[in-house]
Amino acid sequence: MIVTEYMENGALDIYLKDHEKDIGTYQLVGMLQGIANGMKYLSEMNYVHRDLAARNVLVNSNLECKVSDFGLSRILQDDLEGTYTTRGGKIPIRWTAPEAIAIRKFTSASDVWSFGIVMWEVMAFGERPYWEMNNHEVMKAINEGFRLPAPMDCPSAIYQLMQQCWQHDRLKRPRFSDIVSILDKLLKSPESLKTIADFDPRVSIRLPSTSGCDNTTFRSVPEWLESIKMSQYKDSFSSAGVTSMEQVLDLKPEDIANIGVRLPGHMKRIFYSILGLKDETTPLRVFAV
335 MIVTEYMENG
345 ALDIYLKDHE
355 KDIGTYQLVG
365 MLQGIANGMK
375 YLSEMNYVHR
385 DLAARNVLVN
395 SNLECKVSDF
405 GLSRILQDDL
415 EGTYTTRGGK
425 IPIRWTAPEA
435 IAIRKFTSAS
445 DVWSFGIVMW
455 EVMAFGERPY
465 WEMNNHEVMK
475 AINEGFRLPA
485 PMDCPSAIYQ
495 LMQQCWQHDR
505 LKRPRFSDIV
515 SILDKLLKSP
525 ESLKTIADFD
535 PRVSIRLPST
545 SGCDNTTFRS
555 VPEWLESIKM
565 SQYKDSFSSA
575 GVTSMEQVLD
585 LKPEDIANIG
595 VRLPGHMKRI
605 FYSILGLKDE
615 TTPLRVFAV
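For the working numbering, add 334 to where a residue sits in the sequence shown, where the first one is 1.
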């Protein structure tokens, strides 16, 4: 039997989705610091986690985060380079470093890549990495150099650290000790978190399987909502009198809220898709009839 600390707030990804309006940037960075400290300890003990993701981080009543679920963790003792090689089993593609996917070699550096994805999850309040892309699309995009864009309102310093974690060359990624040091400095200088990274929602909505905006025309509002996985709002749009795609293009964030979309994540997804539709149809608005 293993006895562990009781973590009242459960899994981090679910907690973030449920409390998006309640958590500030400083608290989010504090959560990242807790996760980084846990991973620093694991790496110093010569362990690789292999499944680091927000779903495998637990949150207590003080919003302290602890790394959990060590079902895939292994001690690094195969060779002097500190690698663990596996020949089978499933790999969590969205969180796994490209070299670990390609040749199934796991190191502390591959955990660092995963930590970068966790950083993105935290700053995006539990949003799914790479949205609705399938695993094949994710691997192809990463190998072609794509990296997740900065979440809305993400500090530049935090996004820069994410990008360092996602260096294709694992030897160029920071160590967990470096990450802990960087996060400590940011928390001691809150002003450094006020500079926000550039945000372009069109980056995400142009990706495969995420918005249906890649030169696709929609015959109806329900068809469009279905394409962005928001079909639960079909009746809300209809009741509000938004029954044509021309009307959709004119919607502003406050209009979306008035329609009855209350969850911040859903509001973002709908509004980002509208921005993508505008971008695809500029200068002419043409829809299938």
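All C-beta atoms in this analysis are idealised placements derived from N, C-alpha and C, irrespective of residue type, glycine included.
* Asked: Helix, strand or coil: which one does DSSP assign to L482?
  -> coil
* Asked: What is the residue span of the beta strand (DSSP E) that V337 lies within?
  -> Unbroken run through V337: none, as it is neither H nor E.
* Asked: Is DSSP giving C499 helix, strand or coil here?
  -> helix
* To do: Give the straight-line distance between the Cα atoms of H470 and G372, rounded to the nearest whole angstrom.
  => 31 Å
* Asked: Whole beta strand (DSSP E) runs in the stretch 568–622 with 3 or more residues, listed along the chain?
  -> none
* Asked: Just to confirm, are M579 and R603 a CB contact at a threshold of 8 Å?
  -> no
* Asked: Taking buried to mean at least 16 other C-beta atoms within 10 Å of its own C-beta, is A345 buried or exposed?
  -> buried
* To do: Whole angstroms is fine: what's the gap from M457's alpha carbon to S554's?
  => 33 Å
* **For P485, the nearest candidate out of R596, K351, K568, D532 (CA to CA)** => D532
* To do: From the DSSP output, read off the bridge partner residues of C488.
  => C488 is not bridged to any residue.
* To do: Give the single residue among Y493, K522, I476 whose Cα lies nearest to the Cα of M467.
  => I476
* Chain-order list of residues whose beta-carbon lies under 8 Å from that of E339 (same chain, five-residue window excluded) -> N394, K400
* To do: Can you tell me which of the three DSSP states S543 falls into?
  => Unreliable positioning characterises S543 in this predicted model, as indicated by a pLDDT of 42, which lies under 50. The coordinate reading is nonetheless provided below. S543: coil per DSSP, three-state reduction.
* Count the other C-beta atoms from every protein chain shown that fall within 10 angstroms of the C-beta of V595, then say buried if there are 16 or more, exposed otherwise. => buried
* How far does the beta strand (DSSP E) with R474 in it reach, from first residue to last? -> According to the sequence as given, residue 474 is Lys; it is not Arg. Taken as a continuous stretch (DSSP letters only), K474 belongs to no beta strand (DSSP E), being part of the alpha helix (DSSP H) at 469–477.
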